[in-house]
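Numbering (my numbering), first residue to last: 146 to 247.
What follows is the structure, encoded as structure tokens:
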């Protein structure tokens, strides 16, 4: 008797799908709170000094928002920069809310 090799079956395996789902790092809000210690001038000066691209007009607008609404978001962006600006404003004596992820 002659033995023939068994017919080889071809098994098709599903192609490995590797999908990379990009995860975006959250931005963080730097929030200044109203207090009874700092003057309008000091708050506006600190915003201009420590927040990049802060204009005097925007600094005064945000300072008024801090005073009349109790707080203002003065900057939003990546965590590392947010931590730096938060710390600088805090060291300058401003009352700061904890960093908040957006």
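Just so you know, even glycine gets a beta-carbon here, dropped at the ideal spot from N, CA and C.
Note that the coordinates shown come from a computational prediction; the quantities given were computed from them, not determined experimentally.
Taking the beta carbon of residue 182 as the centre, do at least 16 other beta carbons fall within 10 Å, making it buried, or is it exposed?
Per the 10 Å Cβ criterion, exposed.
Ignore the nearest five residues each way along the sequence and tell me which others in residue 262's own chain have a CB closer than 6 Å to its CB.
Here the chain covers residues 146 to 247 and nothing more, so residue 262 does not appear.
Quick one: residues in its chain with C-beta nearer than 8 Å to the C-beta of residue 247, no 5 flanking neighbours on either side, listed in chain order?
Excluding residues within five positions, the ones whose Cβ falls inside 8 Å are 171, 172, 173, 174 and 221.
So, is residue 213 buried or exposed, given that buried needs 16 or more other C-beta atoms within 10 angstroms?
Residue 213 is exposed by the Cβ-count criterion.
Please report the distance separating the alpha-carbon of residue 199 from that of residue 164.
Their Cα atoms are separated by approximately 40 Å.
In whole angstroms, give me the CA-to-CA distance for residue 206 and residue 229.
Rounded to whole angstroms, residue 206 to residue 229 spans 22 Å at the Cα level.
Roughly how many whole angstroms lie between the Cα atoms of residue 219 and residue 236?
Taking the straight line from one Cα to the other gives about 16 Å.
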